[in-house]
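Have a look at the structure below, then the notes.
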Amino acid sequence: MQRIFALGVDEDQIPGIWELRHPSPTLWVQSPHNVLDLFLTHSSRLIYCTGTKVEILAVEGKDPNEAPYGWDEVLHVPCPFFIKRTSGVVIGDSLVLLGGEKNPQEACQLDFRTETWTTLSPMREKRITAASVALDPHTLLVLGGSDLDKTFSCCESLDVRTGQWSPSFETLPVPLSGHAVTVYDDHVYNSGGWDGNKSRGEVWRSKVNGLGPWEALSSLNIERHNHGMMGDSVGGLSVVGGRQQTSFGSTEIVATETLSLDGGQGWATNVKLPFKKVWQATDMK
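The sequence shown begins at 66 in this note's numbering and counts up by one.
This is the structure:
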């Protein structure tokens with residue numbers, strides 16, 4: 066069964082890291098959080114990155130009925146790297162942190178086995194609130210982001226074996242930050258995002274090998290950024306949560322949408338989740 070986790074605030078105003086289980090969500094860690102922080106999952110780990118800390122909880126073997134739990138580990142990021150509007154991806158048995166407000170071009174890697182950090186080659190562009198995803202066990206892709214003055218559409222990939230960055234993908238059709246990216250079957254999918262003025266709803270995909278242009282799919286029913294996207298087990302995609310910003314103001318989005326990739330009728334909006342806020346949703350891989 067697919068397990069989806071997110072930063073959330075429920076209808077009783079309880080903040081923390083939630084598993085979006087139906088019909089009763091599970092609060093695994095109760096703590097305040099910020100949309101400017103970074104949340105990831107991998108191999109039963111919940112990974113919350115904020116400021117100078119990486120906090121980890123292994124949920125395997127833990128009884129959800131006894132939740133919430135405290136963190137199993139708190140690791141410190143080497144100075145001067147600071148996590149704020151930083152992107153990140155788990156690749157192999159390591160965590161890679163990318164950019165952010167105070168270190169927009171920097172990258173560093175945490176080896177989970179040895180709990181040691183390595184400084185990686187700087188990215189080709191300065192990036193804040195970019196999206197990133199693992200393409201294979203050795204390669205990650207970072208897409209879009211901003212540098213406070215403008216929003217980017219360019220992409221670059223890193224081979225962690227060589228430490229070399231390369232512009233291996235076509236640029237995104239529009240500049241974006243705060244967008245959601247996932248790899249499903251042989252494609253990279255990109256949804257939503259912030260273009261510097263408003264939230265977007267377009268969805269594109271590209272071959273995971275980077276060959277060819279981005280292909281437009283049906284747009285989301287609700288424009289959003291700071292959301293999550295994942296493939297499911299029945300040949301489709303889901304987007305979860307996020308925030309919508311328009312000229313009229315900001316709205317928290319707690320509805321999910323699903324898309325069948327077999328040529329269906331576009332995105333279907335599902336029942337709203339029992340939350341006030343849902344950010345950075347991700348499935349456990």
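C-beta atoms are modelled at their ideal positions from N, C-alpha and C, and glycine is treated no differently.
These numbers come from a predicted model, not from an experiment.
*Does the distance from the CB of G261 to the CB of H290 come in under 8 Å?*
Your numbering for residue 261 matches position 196 in the sequence shown. Your numbering for residue 290 matches position 225 in the sequence shown. No; because the gap between Cβ atoms is not below 8 Å, this pair is not in contact.
_Please classify H141 as buried or exposed, where buried requires at least 16 other C-beta atoms within 10 Å of its C-beta._
The count along the sequence shown starts at 1 and reaches residue 141 at position 76. Burial state of H141 is exposed, judged by a 10 Å Cβ sphere holding fewer than 16 other Cβ atoms.
*Applying the criterion that 16 or more other CB atoms from any shown protein chain within 10 Å of the CB defines a buried residue, is N274 buried or exposed?*
On the sequence shown, residue 274 is found 209 positions in, with the first residue counted as 1. Exposed, since its Cβ has fewer than 16 Cβ neighbours within 10 Å.
_Bridge partner(s) assigned by DSSP for T115_ = What you label residue 115 is simply residue 50 of the sequence shown in a count that begins at 1. According to DSSP, T115 bridges with K118.
_So, does the segment 261-270 touch the segment 219-228, judging by three or more C-beta pairs under 8 Å?_
no
*From this set, G296, Y254, G301, M294, which residue's C-alpha is nearest P278's C-alpha?*
One-based indexing of the sequence shown puts residue 278 at position 213. Among G296, Y254, G301, M294, the Cα nearest to that of P278 belongs to Y254.
*asked:* Which residues does DSSP list as the beta-bridge partners of Y249?
replied: Taking the first residue of the sequence shown as position 1, residue 249 is located at position 184. Answer is H252.
*Minimum length 3: unbroken beta strand (DSSP E) runs contained in the segment 188-252*: 196-201, 204-208, 220-224, 229-231, 245-249
*Can the beta-carbon of W344 be found less than 8 Å from the beta-carbon of V100?*
Indexing the sequence shown from 1 puts residue 344 at position 279. Indexing the sequence shown from 1 puts residue 100 at position 35. Cβ distance < 8 Å, so W344 and V100 count as in contact.
*Excluding sequence positions up to five away, which residues of its chain have a Cβ less than 7 Å from the Cβ of P169?*
By one-based count along the sequence shown, residue 169 stands at place 104. Excluding residues within five positions, the ones whose Cβ falls inside 7 Å are K191, R192, I193, D212.
*Buried versus exposed call for R150 [16 or more other C-beta atoms within 10 Å across all chains shown]*: Residue 150 sits at position 85 when you count from the first residue of the sequence shown. For R150, the number of other beta carbons within 10 angstroms of its own is at least 16, and it is reported as buried.
_So, does the segment 292-309 touch the segment 224-236, judging by three or more C-beta pairs under 8 Å?_
no
_For A196, tell me which candidate among L85, D176, Y113, P240 has the shortest Cα-Cα distance._
Translated into positions along the sequence shown, residue 196 becomes position 131. Comparing Cα positions, the closest option is P240.
*Is G73 near the ligand FAD, going by C-beta to nearest heavy atom under 7 Å?*
For the structure depicted, the ligand FAD is absent and the ligand set is empty, with no information on it obtainable.
_Spatial neighbours of I318 in its chain, beta-carbon cut-off 8 Å, leaving aside the 5 residues before and after_ = As a working note, residue 318 is residue 253 in the sequence shown. Once the five neighbours on either side are set aside, the close Cβ partners of I318 are I287, R289, H292, G306, G307, R308, Q309, V343.
*Would you call F313 buried or exposed, if buried means 16 or more other Cβ atoms sit within 10 Å of its Cβ?*
Here residue 313 is taken as the residue at index 248 of the sequence shown, counted from 1. With fewer than 16 Cβ atoms within 10 Å of its Cβ, F313 is classed as exposed.
*Which residue's Cα is closest to the Cα of E235: L276, K215, N130, A199?*
Here residue 235 refers to the residue found at position 170 when the sequence shown is read from its first residue. It is L276 whose Cα lies nearest to the Cα of E235.
*Do P145 and C173 come within 8 Å of each other at the CB atom, strictly closer than that value?*
Against the sequence shown, residue 173 aligns to sequence position 108. Against the sequence shown, residue 145 aligns to sequence position 80. Taking 8 Å as the cut-off, the beta carbon of C173 is found no closer than this to the beta carbon of P145.
*Exposed or buried, H203, counting other C-beta atoms within 10 Å across all chains shown (16 or more means buried)?*
For this step, residue 203 is matched to residue 138 along the sequence shown. Around the Cβ of H203, a 10 Å sphere holds fewer than 16 other Cβ atoms; the residue is exposed.
_Do I82 and L103 count as a contact pair if the criterion is CB distance below 8 Å?_
Numbered from its first residue, the sequence shown carries residue 103 at position 38. Numbered from its first residue, the sequence shown carries residue 82 at position 17. Contact flag unset, no.
*Secondary structure at E138, three-state DSSP: helix, strand or coil?*
The sequence position of residue 138 within the sequence shown is 73, counting from 1. Strand, per DSSP.
*Counting only runs that start and end within the segment 295-325, where is the beta strand (DSSP E) found for 3 or more residues in a row?*
301-305, 308-311, 314-317, 321-325
_On a Cα-Cα basis, can you pick out the residue from E125, E322, G331, L206 that is closest to L237?_
For the purposes of this step, residue 237 is taken as the residue at position 172 of the sequence shown. The shortest C-alpha separation from L237 is found at L206.
*asked:* Could you pull the DSSP bridge partners for L72 from this structure?
replied: On the sequence shown, position 7 is the one that residue 72 refers to. BP columns for L72 point to I82, W344.
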